[in-house]
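First up is the structure itself, then whatever we jot down about it.
Dropping the structure here:
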């Protein structure tokens, strides 16, 4: 589960360069603007990483086909950070030496936290399409198109307690920064709404036996379960819960909103509630236009929220560069002033921490597909 092919790196770079060549001789004669991208293509979230890379690639191709970035062809350089903090630091240094305009990524909280201080010192913007938690020492260089931990946790707590009338909740979370922050925010909101956290159980990356967690949920007398973690362990937790006969509502963090979960958990994923920054079936013209273009580009594949968030990240950087010029520090200043940017994930306004302010929808899994429950 932890491995994925990394041939994608070269493929994506070639795709971006090929698209830039289609724009004509005038573009080829101009300078090139280089965007970096860091995603964990070989990790526990391969589908999310691949989708993000595809979304970013499509955005670059569209910009180049429309004339480039103020006359410059964009080259997208995608690196596999493997979900490792050490590898993320090494890949960041490689991209910084290429004098990139900005970097899309990394995707996970741990890798973003590892490179954020380096980005601040180098004056390079990071726009992550996946990280959700607080990023220490990030300065003013980290932005995200993903949901913040507080926003997604609050939305799910509100849905369970206020809509589903849940009162007793068991929490299962990975003991890393991501799992801990989302679980803490969720628990705090449940308490605010008059609910009770009747059990909290941790696990580590790579754990495979979750019988104790499932048995504990039954012993808690919980009437709902919340899981904060990534799809590889998340699928095993869901399977363990179903095997133990747990029938109460189950909700999860945004990292579980992934086709990896559907593939690995199969029927055990049915009925789980998840925060939804993007739902491909939503009948909004902007969403359906994006979905149609993505399917045509990627052999009828349906985009997930990682694809949409990475697509928006590239378009945000390009918009900022058009307004401020192709200087990394100027791009950072322009991003700080973003208000109501029309992304495919909705209108994006950054707060002072670079977190998008927008409503959070709730989706569920039905018959192996994500469907919208509440906007």
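In the numbering used here, the protein residues as written are 20 to 394. Yeah, the Cβ is synthetic: ideal placement off N, Cα and C, and Gly gets one too. Treat the numbers as computed from the prediction; the structure is a model and nothing was measured.
- For residue 371, the closest alpha carbon among the candidates 352, 261 and 53 is that of 352.
- The C-alpha of residue 393 lies about 6 Å from the C-alpha of residue 380.
- Approximately 4 Å separates the beta-carbon atoms of residue 325 and residue 71; this is inside 8 Å, confirming the contact.
- For residue 144, the closest alpha carbon among the candidates 136, 121 and 224 is that of 121.
- Measuring C-alpha to C-alpha distances from residue 91 to each of 159, 275, 341 and 77 identifies 341 as the nearest.
- The beta carbon of residue 236 is closer than 6 Å to those of 189, 244 and 265 in its chain, skipping five residues each way along the sequence.
- Residue 385 is bridged by DSSP to 388.
- Taking a C-beta distance under 7 Å as the contact criterion, residue 221 and residue 254 do not qualify as a contact pair.
- Taking the C-beta atoms as reference points, residue 132 is found no nearer than 7 Å to residue 148.
- The C-alpha of residue 211 is placed about 32 Å away from the C-alpha of residue 262.
- Scanning the region 298-328 from its first residue to its last, the whole alpha helix (DSSP H) runs of 4-plus residues come out as 304-316.
- Listed as beta-bridge partners of residue 189 by DSSP are 218 and 244.
- Within a 10 Å sphere around the beta-carbon of residue 56 sit 16 or more other beta-carbons, which makes this residue buried.
- Taking a C-beta distance under 7 Å as the contact criterion, residue 82 and residue 288 do not qualify as a contact pair.
- Residue 107 sits in a helix when the DSSP states are folded into three classes.
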